[in-house]
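**Q** Residue numbers (the numbering used here), protein chains in the order written: chain A, 1 to 168; chain B, 169 to 309. Beta carbons are placed, not taken as given, at the ideal position from N, Cα and C, and that holds for glycine. Submitted below is the structure of interest, expressed as structure tokens.
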Amino acid sequence: MNSITSKIALRPIALGLLVLIVSTILFGRAQAGGGHFYPPVADAQTRDECGSCHLAYPAAMLPKRSWSRIMGDLKNHFGADASVDAATAEHISRYLLANAGDTGGQRYGAKLLRGVSPDNAPLRITELPKWVREHRKISDAEWRSQKIGSKANCAACHADAERGYFEE
Amino acid sequence: MKTATTALLAILLLPALLLPVSSVAAPRDALLASLAAAAKAADPAFSGFSASRGEKLHVTRFAGGKAQTPSCTSCHGDNPRSAGRTPVGKPIDALAVSVTPTRYSDPAKVEKWFTRNCNEVLGRQCTPLEMGDWLSFMIAQ
Numbered sequence: 001m002n003s004i005t006s007k008i009a010l011r012p013i014a015l016g017l018l019v020l021i022v023s024t025i026l027f028g029r030a031q032a033g034g035g036h037f038y039p040p041v042a043d044a045q046t047r048d049e050c051g052s053c054h055l056a057y058p059a060a061m062l063p064k065r066s067w068s069r070i071m072g073d074l075k076n077h078f079g080a081d082a083s084v085d086a087a088t089a090e091h092i093s094r095y096l097l098a099n100a101g102d103t104g105g106q107r108y109g110a111k112l113l114r115g116v117s118p119d120n121a122p123l124r125i126t127e128l129p130k131w132v133r134e135h136r137k138i139s140d141a142e143w144r145s146q147k148i149g150s151k152a153n154c155a156a157c158h159a160d161a162e163r164g165y166f167e168e
Numbered sequence: 169m170k171t172a173t174t175a176l177l178a179i180l181l182l183p184a185l186l187l188p189v190s191s192v193a194a195p196r197d198a199l200l201a202s203l204a205a206a207a208k209a210a211d212p213a214f215s216g217f218s219a220s221r222g223e224k225l226h227v228t229r230f231a232g233g234k235a236q237t238p239s240c241t242s243c244h245g246d247n248p249r250s251a252g253r254t255p256v257g258k259p260i261d262a263l264a265v266s267v268t269p270t271r272y273s274d275p276a277k278v279e280k281w282f283t284r285n286c287n288e289v290l291g292r293q294c295t296p297l298e299m300g301d302w303l304s305f306m307i308a309q
């Protein structure tokens with residue numbers, strides 16, 4: 001009796017374990033392999049505040065020091081006023097700094113941040129050497145077209161950008 | 169006794185039944201009321217908000233703000249019932265309450281965007297009269 005129940009109970013566990021292992025391998029490859037998956041912003045407040053004027057850029061796309069610089073002057077944010085109250089700014093900073101491309105998001109961001117020297121804190125993803133290289137084939141006319149309007153409008157070309165996918 | 173209990177229950181339950189609607193509309197009414205009080209304080213002759221003045225504010229091209237965004241319609245589009253687009257290219261849900269029912273139900277959000285956008289377009293803060301007129305227009309849309 002005892003051995004039967006344990007056999008019955010073991011089978012789904014073993015099956016579940018197998019599914020888990022396989023999906024971890026597949027999922028891990030899809031996410032980290034191509035250098036085109038960047039976990040979308042998972043914090044609701046950050047998504048809200050930093051996602052109303054443009055895509056809420058994934059934290060892993062810039063190093064910690066860049067996010068600090070950006071969060072340090074939201075009043076003069078690329079010509080826009082993106083300021084928020086102190087408690088909200090503190091909360092957003094904590095999320096971005098913890099998940100930056102050289103902290104919690106290193107596994108996703110390391111490739112994109114290649115070639116950025118440690119004493120440089122770029123304010124733009126679109127200025128990263130690797131980003132520039134990936135987009136070098138796009139013509140000036142294309143960048144200026146009505147539909148795109150700005151290099152920062154990732155979603156115009158990367159239809160799945162909101163979900164973290166930046167393939168062609 | 170029984171009817172009294174039923175009546176009491178009905179009174180207690182009524183607000184609960186209305187909650188889904190009033191939880192969105194009540195903050196809007198409170199916002200308009202506080203703007204009306206501020207407008208009255210600024211001008212004792214104030215006699216209520218006007219949706220048509222609000223519409224005029226929405227479409228007027230001002231010279232005091234940023235050159236790329238002379239009017240509210242620069243980002244929000246000409247038709248309040250249609251989606252707009254930010255300068256970076258992200259779509260903005262329609263401003264008309266009939267199309268986006270959750271609009272103007274979070275006073276902190278409304279205040280934040282009035283501050284940003286009036287500065288952007290007019291180069292100054294909007295007055296309580298202007299904000300009340302504009303909101304009345306969007307709520308009536």
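Smallest Cα separation from F217/B: which of D197/B, C240/B, P238/B and A264/B?
**A** Cα-wise, what sits closest to F217/B is D197/B.
**Q** Taking the straight line between their C-alpha atoms, what separation do you get for R47/A and S202/B?
**A** Cα to Cα, R47/A sits roughly 30 Å from S202/B.
**Q** Which residue from W281/B, V227/B and S250/B puts its Cα closest to that of C53/A?
**A** The option with the nearest alpha carbon to C53/A is W281/B.
**Q** Under the three-state reduction of DSSP, which class applies to G72/A: helix, strand or coil?
**A** G72/A falls in the helix class under three-state DSSP.
**Q** Given L225/B, which residues of its chain have a CB within under 7 Å of its CB, disregarding the five upstream and five downstream residues?
**A** Counting only Cβ-Cβ distances below 7 Å, and skipping sequence neighbours, we find E298, D301 and W302.
**Q** Is the Cβ of T254/B closer than 7 Å to any Cβ of chain A?
**A** Yes - at least one Cβ of chain A is within 7 Å of the one on T254/B.
**Q** How many Å lie between W143/A and K208/B at the Cα?
**A** Straight-line Cα distance between these residues: approximately 49 Å.
**Q** Can you find a CB in chain B that lies within less than 7 Å of the CB of R150/A?
**A** Reading off the sequence, residue 150/A comes out as Ser, not Arg. Taking Cβ atoms only, chain B reaches closer than 7 Å to S150/A, which makes this a yes.
**Q** Does any residue of chain B have a CB that is nearer than 7 Å to the CB of N99/A?
**A** Not an interface residue.
**Q** For the alpha helix (DSSP H) containing Q49/A, name the first residue and the last one.
**A** One point to set straight first is that residue 49/A is Glu, not Gln, in the sequence displayed. First-last of the alpha helix (DSSP H) with E49/A: A44 to C50.
**Q** If contact means a Cβ-Cβ distance below 8 Å, which residues of the segment 37-49 of chain A contact chain B?
**A** Listed in sequence order: no entries.
**Q** Report yes if the C-beta of D48/A is less than 6 Å from at least one heavy atom of the ligand MG; otherwise report no.
**A** With respect to the ligand MG, the structure shown offers nothing to examine, as it has no ligands at all.
**Q** Starting from the Cα of P195/B, find the closest Cα among R292/B, V278/B, T241/B and S266/B and give me that residue.
**A** Residue V278/B is the option with its Cα nearest to P195/B.
**Q** So, do the segment 102-114 of chain A and the segment 123-132 of chain A have three or more beta carbon pairs nearer to each other than 8 Å?
**A** Short answer: they touch.
**Q** Between the Cα of A98/A and the Cα atoms of D43/A, A121/A and P122/A, which residue gives the shortest distance?
**A** Among D43/A, A121/A and P122/A, the Cα nearest to that of A98/A belongs to D43/A.
**Q** Let's test the definition: count the other Cβ atoms within 10 Å of the Cβ of G28/A and tell me whether it reaches 16, buried, or not, exposed.
**A** Model confidence at G28/A stands at a pLDDT of 43, short of 50, so the residue's coordinates are unreliable and nothing is read from them.
**Q** Only counting runs of 4 or more residues, tell me where the alpha helix (DSSP H) segments fall wholly within the segment 230-259 of chain B, in order along the chain.
**A** Listed in chain order, the complete alpha helix (DSSP H) runs (minimum 4 residues) inside the segment 230-259 of chain B are 241-244.
**Q** Please name the residues in the segment 130-147 of chain A whose beta-carbon is closer than 9 Å to at least one beta-carbon of chain B, in chain order.
**A** Answer set for the segment 130-147 of chain A: K147.
**Q** Tell me whether the beta-carbon of T113/B lies closer than 7 Å to the beta-carbon of D261/B.
**A** One cannot answer for residue 113/B here, as it falls past the ends of chain B, which runs 169 to 309.
**Q** Who does H77/A pair with in a DSSP beta bridge?
**A** According to DSSP, which records beta bridges pairwise, H77/A is partnered with A80/A.
**Q** Could you work out which residues of chain B lie near N153/A, taking near to mean beta carbons separated by less than 8 Å?
**A** Within 8 Å Cβ-Cβ: V256, G257 and K258.
**Q** Span of the alpha helix (DSSP H) holding P275/B?
**A** First-last of the alpha helix (DSSP H) with P275/B: P275 to L290.
**Q** Does F37/A come out as helix, strand or coil in the three-state DSSP assignment?
**A** If DSSP states are grouped into helix, strand and coil, F37/A belongs with the strands.
**Q** Answer yes or no: does any C-beta atom of chain A fall closer than 7 Å to that of R284/B?
**A** Chain A, which has a Cβ nearer than 7 Å to the Cβ of R284/B, makes this yes.
**Q** So is R292/B buried or exposed if we call it buried at 16+ other beta carbons inside 10 Å?
**A** Flag for R292/B reads exposed.
**Q** Is it right to say L109/A is buried, meaning 16 or more other beta carbons lie within 10 angstroms of its own, or is it exposed?
**A** Sequence check: residue 109/A is Gly here, not Leu. Its Cβ being crowded by 16 or more others within 10 Å, G109/A is buried.
**Q** Could you check whether L62/A and G101/A sit closer than 7 Å to each other, using their CB atoms as the reference points?
**A** It is a contact, given that the beta carbons lie within the stated cut-off.
**Q** Are the C-beta of A56/A and some C-beta of chain B separated by less than 7 Å?
**A** Not an interface residue.
**Q** For C157/A, would you say it is in contact with chain B, using Cβ-to-Cβ distances shorter than 7 Å as the test?
**A** It does not; no Cβ of chain B falls within 7 Å.
**Q** Does the distance from the CB of Q45/A to the CB of H77/A come in under 7 Å?
**A** No, Cβ-Cβ distance for Q45/A and H77/A is not below 7 Å.
**Q** With a cut-off of 8 Å on the beta carbons, I'd call E288/B and G233/B a contact; round off their distance for me.
**A** Their Cβ separation, rounded to whole angstroms, is 5 Å, which keeps E288/B and G233/B in contact under 8 Å.
**Q** Pick out whichever of N285/B, A210/B, R221/B and L200/B has its Cα sitting closest to the Cα of T241/B.
**A** Here the closest residue by C-alpha is N285/B.
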